[in-house]
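Worksheet: one structure, shown below.
There are 2 protein chains.
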Amino acid sequence: MKRAITSDAAAHERVIAIGALAARTGVKVETIRYYEQVGLLPAPERSEGNQRRYGRRHLERLAFIRHARDLGFPVETLRGLLALADRPDMPCDEAHRIAARQLADVRRKIAHLRALEAELDRIAQSCLGGAPVRDCAVIEALAKEQRADSVPLGKRDAGSAC
Amino acid sequence: MKRAITSDAAAHERVIAIGALAARTGVKVETIRYYEQVGLLPAPERSEGNQRRYGRRHLERLAFIRHARDLGFPVETLRGLLALADRPDMPCDEAHRIAARQLADVRRKIAHLRALEAELDRIAQSCLGGAPVRDCAVIEALAKEQRADSVPLGKRDAGSAC
DNA sequence: CTTGAACCTCTAGTCACTAGAGGTCGTATC
DNA sequence: GATACGACCTCTAGTGACTAGAGGTTCAAG
Ligand SMILES: [Zn+2]
Ligand SMILES: [Zn+2]
Ligand SMILES: [Zn+2]
Ligand SMILES: [Zn+2]
């Protein structure tokens with residue numbers, strides 16, 4: 171019995187393993203499996219030994235997912251976008267609405283971060299260092315209550331990763 | 171036997187329950203308990219019936235925490251900041267370094283979001299809507315691969331909450 | 001045929017909370 | 001003093017979007 175897929179056939183039919191798909195899209199192997207698990211990427215065929223074998227369609231869909239995620243679309247939203255992309259005859263207005271919402275979201279975030287930037291800058295300027303902590307305006311500024319741009323705790327994200 | 175704490179005594183000695191502390195600081199009750207659990211806020215005394223009783227020190231410390239969190243300092247960093255605030259004789263340079271790092275972080279985030287904003291704006295402009303999905307430039311733009319500002323997956327945050 | 005990288009599944013951990021179940025406490029009113 | 005009822009307690013699990021690891025199997029080259 172011949173193996174279902176040889177490397178030669180793979181090259182011809184563009185059937186690739188998960189590692190190759192990862193390399194081509196820049197999405198980690200674990201993340202690809204995760205996308206399959208949550209239903210973003212359809213489950214591919216398997217080799218006789220139960221390994222995933224991807225085709226061109228998967229590559230394209232994963233590139234789509236990656237790009238949309240890079241742009242900050244949340245996975246839930248992506249689901250709608252993907253469903254839409256699968257129906258070429260539908261009008262595209264919904265896609266525009268989704269993109270506009272995302273843009274508005276990004277702008278809100280920018281506005282918020284700019285407020286933080288201003289306050290942090292002010293705080294950082296308020297003491298030049300070298301003082302004992304008890305006299306430091308930075309520490310004092312943090313200790314002071316504020317009522318300005320406070321946002322309900324838990325829905326914020328400003329200081330973690332980029 | 172008299173109760174350890176009456177409401178009258180509470181008013182005089184400024185000993186308050188967790189709900190009152192939450193109301194005064196704008197931090198939710200659950201979050202306060204969480205801060206205690208992770209060691210940000212020291213465990214307060216308890217009433218005879220095992221309920222938390224907070225004093226002025228807790229109020230101040232929680233306000234500090236809240237403000238720093240609002241400014242996006244991650245909890246880990248906050249730990250350092252609080253340790254510092256507890257040592258009034260130390261020089262404050264470390265506090266400045268922490269604040270500067272946070273400011274730089276916020277600025278990096280802003281830069282990143284501005285790049286996203288530009289691309290999203292370009293995409294949103296590229297099709298005015300009303301077309302079938304197959305011809306929509308928005309969908310097409312998302313499907314196209316990109317090599318520009320891509321960031322390792324999982325360390326990004328652009329589209330979720332504010 | 002043997003090696004070893006790549007693959008598989010499953011579970012748990014991340015961050016900073018948030019929500020809920022199921023039970024106890026405190027106090028105001030009767 | 002009994003009763004009501006909100007506030008409080010602990011503990012566990014869930015969120016988003018992955019990431020990391022254990023422990024085992026498969027593939028393809030030499
Ligand atoms: Zn200083
Ligand atoms: Zn502030
Ligand atoms: Zn369109
Ligand atoms: Zn792009």
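First to last, the sequence lines map onto chains E and X.
For the first sequence, this note's numbering puts the final residue at 332, and the numbers step up evenly by one.
For the second sequence, this note's numbering puts the final residue at 332, and the numbers step up evenly by one.
Quick reminder that beta carbons are idealized off the backbone N, C-alpha and C, glycines included.
Check                                                                                                                            : Outcome
Inter-stretch contact at 8 Å, needing at least 3 Cβ pairs: the segment 281 to 294 of chain X / the segment 209 to 216 of chain E : no
Proximal residues to E/I293 (C-beta, below 6 Å), its chain only, five neighbours per side dropped                                : V308 and A311
Proximity test, X/D256 beta-carbon vs ligand 1 heavy atom, cut-off 8 Å                                                           : no
Alpha-carbon to alpha-carbon, X/R267 and E/G299                                                                                  : 9 Å
Within chain E, the residues that X/I293 reaches when beta carbons sit closer than 7 Å                                           : A269
Neighbour list for E/L283 in chain X, Cβ cutoff strictly below 9 Å                                                               : G242, V276, R277, K279, I280 and L283
Chain-ordered residues of the segment 207 to 230 of chain E with a beta carbon less than 7 Å from chain X                        : E230
Distance between beta carbons of E/I280 and X/L251, contact taken as under 8 Å                                                   : So it is not a contact: roughly 26 Å between Cβ atoms.
Assigned exposure category for X/V303 - 16 Cβ within 10 Å defines buried                                                         : buried
beta-carbon X/L252 near ligand 3 non-hydrogen atom, thresh 8 Å                                                                   : no
Three-state secondary structure assigned by DSSP to E/R249                                                                       : helix
Euclidean distance between Cα positions of X/A274 and E/G219                                                                     : 50 Å
Contact set between the segment 246 to 258 of chain E and chain X, restricted to residues whose Cβ is under 9 Å from the partner : T247, L251, L254, A255, D256, R257 and P258
Interface flag, E/R304 vs chain X, CB-CB below 9 Å                                                                               : yes
E/D263: CB within 8 Å of a non-hydrogen atom of ligand 3                                                                         : yes
Best match in E/C297, E/V197 and E/R277 for proximity to X/A265 [C-alpha to C-alpha]                                             : E/C297
Alpha carbon of X/A269 to alpha carbon of E/R227, nearest angstrom                                                               : 47 Å
Contacts of X/G189 in chain E (Cβ-Cβ under 9 Å)                                                                                  : Result: empty, since nearest Cβ-Cβ is about 16 Å, beyond 9 Å.
For X/P261 and E/L285, the rounded distance between their alpha carbons                                                          : Looking at the sequence shown, residue 285 of chain E is not Leu but Ala. Looking at the two C-alpha atoms, the distance is approximately 28 Å.
Beta carbon of X/R223 nearer than 9 Å to that of X/A187                                                                          : yes
Proximal residues to X/A238 (C-beta, below 7 Å), its chain only, five neighbours per side dropped                                : L248 and L251
CA-to-CA distance, E/R203 to X/P184, given in whole angstroms                                                                    : It should be pointed out that residue 184 of chain X corresponds to Arg in this sequence rather than to Pro. Taking the straight line from one Cα to the other gives about 55 Å.
Residue span of the alpha helix (DSSP H) that contains X/Y205, given as start and end                                            : V199 to Q207
Closer than 8 Å: E/L298 CB and nearest ligand 1 heavy atom                                                                       : yes
Alpha helix (DSSP H) runs wholly inside the segment 231 to 306 of chain E, at least 4 long, in chain order                       : 245 to 255 and 263 to 295
According to DSSP, residues forming a beta bridge with E/R222                                                                    : E/R216
Within-9 Å CB hit, E/V199 to chain X                                                                                             : no
Test: X/A233 CB closer than 9 Å to a CB of chain E                                                                               : yes
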